[in-house]
Structures are given as C-alpha cells and as structure tokens.
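Protein chains in written order, with the working numbering: chain D, 25 to 181; chain L, 63 to 778.
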C-alpha cells in the first residue's frame, strides 16, 4: 500500500513510494538516512523529533508521511551549509547549551521556528514555545540563553 | 642507573605485559597506531571500585593497566580509556588533563573511549569516579610521556636534559634555541613505558589548560545532528528488531501464536524460551508483526504501590541488616539527656531515569565474533553479559559505546544488547533494536523506593544529643550524618523490592539527604532556631560550613521573610567527596501547586578541572532534581507500570525552571572530586523546607507534590 509522496526536503524535491501512514520520523531516519532527527518517545511528548513543516515546528513522530505531500520539510541537516553553522546552532555551541546532546537537534529546530516568527522573544515566550521539548540533562537555562544570543546576533545584522 | 638503562628495563618489563594484553585483545598497538611512544598506567585502586555486580575473573589479566596513551607521527596523541561519555563531559575534561601534562594543544589529543577491543578493562562509568581516578591516571601517563620525549630530545641532541623544556607539542633547547616536535621525536620509535600510580604531576595551582573553561570536544557534531548515537548506527543488510513484552513482571509464557507474523514477507520470528522477538526490514514492519502475535502469560500476584511502604518495612522483607550500619555512644542515654525529642518517617517513591535516548543496540555476528554498539555505562560488564548469554569467550565479543544520550545510572545493564544479539544470531544479519519509551519506562530499572525513620534528641543550646536512623530499601549511600552527634545508630535494611531497582545518579544519597535535612529543619523549628544557625552549630567540617555560608550569603538567607504562599528553605550535605548547600525559594498555590522560583547552590568538589562543564553539570543536576523532588513517581499495580509515558510521568520542562545561581568554591589545594552526582542531593530537602516555610505544612514524602497541601499560614 505504498503511496507516492512528493515534497521539498531541505530545499530539494524528493519523491518517495512509502506507506503514507508511516510517521515522517521513520521515513527521514530509515529511508532517507537523516538521523539528526531523534526518536525520544513516539508520542509527541518530548520534542526530540522536531522538524519544520512549512516553517512551523512539528513533531515528526506524529506526522504521517502522506500529510507532508506538497509541503516543505526542514531538518537539522539543512541548517548548516558549506561547513558554516546557522546562527541558532552557533549560539547553542557558544553557550554550550547541551550535555549529552540527544535533545539538541529538536531544541534547535524548535528555537529556529520561534525566532523565525518572533525575532526577539521574551523569557516567558521562550518558556511557552519550548516547553514541549524535554532536556533530561536539565540544560534549559543555557538553551534559553542560546535563544537570546541568537536573537541578539540577528538583531545586529 | 641512567635514564637509558631504566627505560630499557621498563621496556622489557612492559613488553611482557603488552604481549599478554594482546593475547587477550588480539591486537598490536603499534600495528594499529604506527610507531611512537606508549605509556600505560597501573591502577591498583581499580579493584576497590564498587559496581554491585562483582568483577569477572576473565577480565582480571589486563586489569591493572587502567589506560594507555600513544604519541605518534604528527604529534597526534591517542588516549585509551574504558570510561564512556554520556553528557557528563569527561571526553573534554580528560582531554584537558592530558593536554595539560603533555604540554600539547587539546586539538592534538583524541580520546578512544568505551571500546572493549581497544581500551583497557574498566569497571564502568559511575559513582563519580572518572575525575578522582581516571583524571590523575591520565595526567600521570601524560607527564611520563612528556618526560620520555624530553629524554629522546636529549639523546638526539646529546645535551643535558635540564636545559630542555616541553611546550606546545614540542621540545626546545634553551641554549641553542633548537626546537623539535613530538611527532618528529617519536618517528621510528617503539618505546613502551609502564608507570606506577605515583608518578609526579603538576599541582592544580600550576594548571594552564586544565582548570579553565574549555569547549566541549566534538561540540559541533552535536549542534549539526552529525553525531551518531547507537540508535543512529546502520550496518549493511541490517534488520530492525522488536521484542514481545510480558503483560506483567515475572510472567511466564503459557501459549504463543505467531503464525500471522511469520506469514508477513521479510519478517523473522524468534522464540527462545520465554523470549519472543521479531526482525524485519524496518522498525514499523517489526512493530506491526509484533502486534499480530497472540500470547498468553501467567503472572503471579505482586505487591502494588498502595502496599509498598508497609511491604518494605515488613519483618522478613529484609534479607539481613545490610551494610552501612554504625553505632556510637548510647542512643538511650542520648535521648534521656535531650530536652526535646522528635520521631518522624520519610518516604521516597520509585523514579525512572528516562534518558532521552532509550536503550538501544546494534548487534552483528561475523565469523562467530559478536560486535555490539550500545549505550551503556559498563561496556566490559555488558561484554560479560553477552559472553555468558551466548556461551562464548569474552574475547569473541566486542562492545563499542558511542557517546550516549545520557544514562544517569540507568544504563548499567546490557538488556537491549542481549536482545539485539539474539535476533542477529537467529537472522544471520546485523540487527538494530531501540526500546520504545514505554519499554524504557517499564523494563529498565528504577531508583529504589524507601522508608526512612529518624528518632532524634536535641539540647536547648541547639546541639544534637541523639540520632537514630533506619533506612529501608532506599540504600546506604549518603546515610552517614555529617552533623556532630555523640550518640548515634545508623542502619540500612535491604528489602525485597517489588520492582527491579538499581543505580541512579546520586543513589540513595538523595533520599537520605532529604530525610536528614528535613528532619534537621523540623528540629530547628522545635527549638525555634534559625535552620542555618542550627546546622552550623552542629557542623565541624570547615568545607561543609563554607558551602552553607556561601549559599546563604548569596541567597540573602538572613534577610528573607516568608509570607503566605511564599517561603524559603535551606539544605546541604556531603557525598562522593563533594560538598553542596542549596537555598530555595518557592511559591505554593492554594491548589497545592508548587513552583520553585529561585535556587542558589554552593558546591566544592576540590580543584575544578573545567568550570564551564562543571557549571553545566551542577545546574543540570538541580533541574533534574526538580522532578524527583516535586512530581516524578512510578505508579504500579500488581506487576504493571501504570504511567509508562511522558504524558503521565511528568519530568522537568522549561516551565518548571527556577532562576539558578551556582557558586563554585574552587579548592586548588584539594584533589578534584567527581561532580556528576552530589549536586543532585540538596534540592529536594531545600524545597521541602521552603514549602513548610511558605505554608506551615510539613511534607515528608518524595515527590512532594503527590501530597495534599492545604494552604496555611507561613511558618515564620
């Protein structure tokens, strides 16, 4: 029961013959080898699998592959280019806003989505937007600092 | 004896050892790494480490070598240690220490960690042992390697070694100004040195690279998603595995119908005793196949949550009096001399580690040799588990630990590794197995639940007169009181735990600090004394006083006035050679909701190796501790876990975050202690005491928010 699904993945068109009910997470990881997007719970509760769908942060573990047909998907792999880091990635690195790093790609994608619509979020807005992402190592204060740092960097440009 | 003769003798001695190691590992270090200098460090302390599982005789041969360091062409330094990286940042802190003593840039140092074919035996990465044991060993190896390089330069130039100095990856002659890189010096050499545990190293006060903030090694790979955790690894022809789980703990398989799954194309069903698993080309197909399997299980009646604390305390539940028991003076006489006495009971629930990367393994059999990639804190322990499970010698098993998506004490065992290897053996193909979140919450193990009873007496002047302490099941870590009391009895009583339990960050020190520090607060209340002053009156250790005084000063403890619904608490302690004190501010709403608004922590773990990484650990431990303090609890009924999902097992999130201030007391004059665990123990009692201050309600069970919290007047 394969469906042909065409969408834009990290700015490149892709066409796949997959069961449209399969979660996007596993299509990305297993079929396309994009393992930067992580499995944490499969229930939309932890945010480790966060990707951008038309610029909006979604949980890829709860996103059926069929639902992204004709849409734009961005994963962590799209952020860095030519060896350079995206400002949000650079801010995470500068603040060392991670410990084991397993939540980091999902955190960065959620933060990227936030900053795309709100270039200078307040503490309260960061808490509001980011509370769906779990960091079991408890690095939240530095992640918040990284988001502020990325916002400040963008503001200077 | 000249250095040359000494080296020759050492080399002879070492070759035997190396040959022996190679017999075990079937590997030639020089063949693997090329010519150069190798320094190995003996570790007599290794045997004294605790793991709770004992150590296998099969690992005994190379065990007295704790680590290897190789310097080869281009001055590249490769360090081999059985420790593993799982977010505690030791890949970076150990790199700093090697670079410090070797006087070479950090970028030239590569750590090979947790690979049972390449690294020497290591008991495991737990108990905050890396910094106090592996750190000094690697510093000694690096210092010896540096001295050997200076010797080589002296020989080459035929000059007095006293006029030579090592810096920035090279040796310089101060008279002639000649300079030669480590890489050039090692060219063509095959020099081996085995050094003892007493080789000299620089004092922390002389550190340049260690002791300073250093960015995380491979940090870029984590922000780009390029780092490959176990669950990201693929092998050619790899299948994906799933395991059929019983309906309850301790269940026996009665009947099985897997015919539907077996008919599915590309699906292999494996049954071996009560183990039932499937392998398929992708994980969803494996899950679908698993769901078609009809199984009947027979499960015995088991202790449920409602009966837990009575069960743990029941006569006969305790196997024996256990270890950690101490008695000094006379409890009876002490209590008789006290002007006030207090008797209270404290409890702690089972909690889950819930590492964000669930247990995972990739297993592959090649020519009757098994290779398993898995996130574990005990690669050599898991190798043993696999060798036993498959009846093969340990040298036919290789365990490789990629830097892991955290563990917190929860990844001591090789459950996923054994399951993946079983499926791989049956299918003849590599198999990846990643536990689901529900499996992780159910089939891993938990931090032990416990009951703690304290009876105490105090004199009017605020000194302790008697202290009787009984811990049922939670554990002996951190059980000893650090307050001065002449008459004390402290006992740990192991019990028959209804759930599988094991190691957890800080072990029982969290529950023991909670009970002790809440009880101390209750005594202060009884005496109408300030709880900080009451503590200081009973503390002799100046380092413990220092963290309490620092935390209190930064927090403004003496100036704080509780108001209804807003209160302040203080607590602290000593564990794993580290000293911690914390002040917490909370608000408590009429609905019983508690929000921690501010935490100030003071921490002394001796000489600080990497202040940036350390702050991350301390702050992270405080955040993680919020869960166990306020709301984390595993609920269970008759052998079933009732909340095996993040939606009903609440963990700390951004919205739970207080303002956190961490004060590090860097003691250059004291050996560095590990810091992964101790900072977690202070928060729960500080918060419990703050809730009392805000509401007048004394909560004595973890998690605190599980209990009713009628809003009353503030305590002071």
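Virtual Cβ for every residue (Gly too), placed ideally from N, Cα, C.
Since the structure is predicted, the reported quantities are computational estimates derived from the model, not experimental observations.
Residue i versus residue j - alpha carbon distance
| i | j | result |
| --- | --- | --- |
| residue 601 of chain L | residue 722 of chain L | 26 angstroms |
| residue 300 of chain L | residue 423 of chain L | 12 angstroms |
| residue 89 of chain D | residue 76 of chain D | 14 angstroms |
| residue 782 of chain L | residue 324 of chain L | Only positions 63 to 778 of chain L appear in the structure, and residue 782 of chain L is not among them; the question remains open. |
| residue 705 of chain L | residue 556 of chain L | 26 angstroms |
| residue 71 of chain D | residue 699 of chain L | 29 angstroms |
| residue 141 of chain D | residue 155 of chain L | 38 angstroms |
| residue 675 of chain L | residue 616 of chain L | 22 angstroms |
| residue 456 of chain L | residue 184 of chain L | 14 angstroms |
| residue 98 of chain L | residue 505 of chain L | 47 angstroms |
| residue 168 of chain D | residue 275 of chain L | 20 angstroms |
| residue 44 of chain D | residue 91 of chain D | 8 angstroms |
| residue 758 of chain L | residue 768 of chain L | 17 angstroms |
| residue 549 of chain L | residue 402 of chain L | 15 angstroms |
| residue 269 of chain L | residue 673 of chain L | 13 angstroms |
| residue 157 of chain D | residue 281 of chain L | 20 angstroms |
| residue 583 of chain L | residue 144 of chain D | 43 angstroms |
| residue 31 of chain D | residue 347 of chain L | 23 angstroms |
| residue 121 of chain D | residue 166 of chain D | 5 angstroms |
| residue 732 of chain L | residue 107 of chain D | 42 angstroms |
| residue 117 of chain L | residue 141 of chain L | In this predicted model, residue 117 of chain L has a pLDDT of only 35, less than 50, meaning its place in the structure is not dependable enough to derive any value. |
| residue 109 of chain D | residue 52 of chain D | 21 angstroms |
| residue 175 of chain D | residue 702 of chain L | 46 angstroms |
| residue 35 of chain D | residue 80 of chain D | 15 angstroms |
| residue 76 of chain L | residue 254 of chain L | Bear in mind that the predicted position of residue 76 of chain L carries a pLDDT of just 29, short of 50, making it unreliable; the figure below should be weighed with that in mind. Roughly 6 angstroms between the two C-alpha positions. |
| residue 563 of chain L | residue 367 of chain L | 14 angstroms |
DSSP beta-bridge partners of residue i
| i | result |
| --- | --- |
| residue 645 of chain L | L:632, L:662 |
| residue 678 of chain L | In DSSP, residue 678 of chain L forms no bridge with anything. |
| residue 337 of chain L | L:334 |
| residue 590 of chain L | Residue 590 of chain L pairs with nothing; no bridge assigned. |
| residue 26 of chain L | The shown model of chain L, from 63 to 778, leaves out residue 26 of chain L, and the question about it has no answer. |
| residue 712 of chain L | Answer is none; residue 712 of chain L lacks a bridge partner. |
| residue 175 of chain L | L:143 |
| residue 427 of chain L | L:432 |
| residue 237 of chain L | In the DSSP output, where bridge partners are listed per residue, residue 237 of chain L has none listed. |
Beta-carbon proximity of residue i to residue j, cut-off 8 angstroms
| i | j | result |
| --- | --- | --- |
| residue 746 of chain L | residue 764 of chain L | yes |
| residue 694 of chain L | residue 713 of chain L | yes |
| residue 271 of chain L | residue 204 of chain L | no |
| residue 739 of chain L | residue 613 of chain L | no |
| residue 57 of chain D | residue 287 of chain L | no |
| residue 618 of chain L | residue 755 of chain L | no |
| residue 21 of chain L | residue 338 of chain L | As shown, chain L starts at 63 and ends at 778. That puts residue 21 of chain L outside it, with no answer to give. |
| residue 642 of chain L | residue 661 of chain L | no |
| residue 418 of chain L | residue 458 of chain L | no |
| residue 245 of chain L | residue 96 of chain L | no |
| residue 414 of chain L | residue 696 of chain L | yes |
| residue 474 of chain L | residue 440 of chain L | yes |
| residue 50 of chain D | residue 345 of chain L | yes |
Heavy atom of the ligand ADP within 7 angstroms of residue i beta-carbon
| i | result |
| --- | --- |
| residue 28 of chain D | Of ligands this structure carries none, so the ligand ADP is not represented either. |
I'd like to know if the stretch 574-592 of chain L and the stretch 620-635 of chain L are in contact, where contact means that at least 3 CB-CB pairs between them fall below 8 angstroms. Because the criterion of three Cβ pairs below 8 angstroms is met, the stretch 574-592 of chain L and the stretch 620-635 of chain L touch.
Looking at chain L, which residues of the stretch 101-125 of chain D have a Cβ within less than 7 angstroms of any of its Cβ atoms? Within the stretch 101-125 of chain D, 101, 104, 109, 113, 116, 117, 120, 122, 123, 124, 125 place their CB atoms closer than 7 angstroms to a CB of chain L, listed in sequence order.
Do three or more CB pairs link the stretch 145-157 of chain D to the stretch 655-673 of chain L at distances below 8 angstroms? Between the stretch 145-157 of chain D and the stretch 655-673 of chain L there are fewer than three C-beta pairs closer than 8 angstroms, too few to call the two in contact.
Residues of the stretch 141-152 of chain D in Cβ contact with chain L at a cutoff of 9 angstroms, in chain order, please. The stretch 141-152 of chain D vs chain L, Cβ under 9 angstroms: 150, 151, 152.
Near-chain L residues of the stretch 60-83 of chain D (beta-carbon distance less than 8 angstroms), N- to C-terminal order: For the stretch 60-83 of chain D, which is checked against every Cβ of chain L, the residues closer than 8 angstroms are 60, 61, 62, 63, 64, 65, 66, 67, 69, 70, 72.
Assess contact between the stretch 550-569 of chain L and the stretch 492-502 of chain L, defined as three or more Cβ pairs (one per stretch) separated by less than 8 angstroms. Is contact present? The stretch 550-569 of chain L makes no contact with the stretch 492-502 of chain L: fewer than 3 CB pairs, one atom from each, lie closer than 8 angstroms.
Which residues, in chain order, does the stretch 133-148 of chain L contribute to contact with chain D at a C-beta distance below 7 angstroms? Listed in sequence order: 148.
Should the stretch 192-202 of chain L be regarded as contacting the stretch 144-163 of chain L, the criterion being three or more beta carbon pairs within less than 8 angstroms? Yes: the two stretches touch, three or more of their Cβ pairs being nearer than 8 angstroms.
Along the stretch 418-429 of chain L, where does the CB come closer than 7 angstroms to a CB of chain D? Name the residues. Taking 7 angstroms as the upper bound on Cβ-Cβ separation, chain D lies near residues 418, 419 of the stretch 418-429 of chain L.
Just by C-beta distance, which residues in the stretch 331-360 of chain L are closer than 8 angstroms to chain D? The residues in question are 344, 345, 346.
Inspect the CB distances between the stretch 288-296 of chain L and the stretch 464-475 of chain L and report whether three or more fall short of 8 angstroms. The answer is yes - the stretch 464-475 of chain L touches the stretch 288-296 of chain L, with three or more Cβ pairs under 8 angstroms.
Is the stretch 481-489 of chain L touching the stretch 208-220 of chain L in the sense that three or more CB pairs, one from each, lie closer than 8 angstroms? Cβ pair count under 8 angstroms is below three, so no.
Mind checking the stretch 266-278 of chain L against chain D and listing, in chain order, the residues whose C-beta falls within less than 8 angstroms of any C-beta there? Answer set for the stretch 266-278 of chain L: 277, 278.
Could you name the residues of the stretch 705-720 of chain L whose beta carbon sits closer than 8 angstroms to any beta carbon of chain D, in the order they occur along the chain? Within the stretch 705-720 of chain L, those residues whose Cβ lies closer than 8 angstroms to any Cβ of chain D are, in chain order, 707, 708, 709, 713, 714, 715, 716, 717, 719.
Looking at chain D, which residues of the stretch 283-314 of chain L have a Cβ within less than 9 angstroms of any of its Cβ atoms? Of all residues in the stretch 283-314 of chain L, 283, 284, 285, 286, 287, 288, 289, 290, 291, 293, 294, 295, 296, 302 have a Cβ within less than 9 angstroms of some Cβ in chain D.
Taking 8 angstroms as the threshold, find out whether the stretch 224-237 of chain L comes into contact with the stretch 173-189 of chain L through three or more Cβ pairs. At 8 angstroms Cβ cutoff, the stretches do not touch.
Please list, in chain order, the residues of the stretch 162-181 of chain D that have any C-beta partner in chain L closer than 9 angstroms. So the list reads 162, 163, 164, 165, 166, 167, 168, given in the order they occur along the chain.
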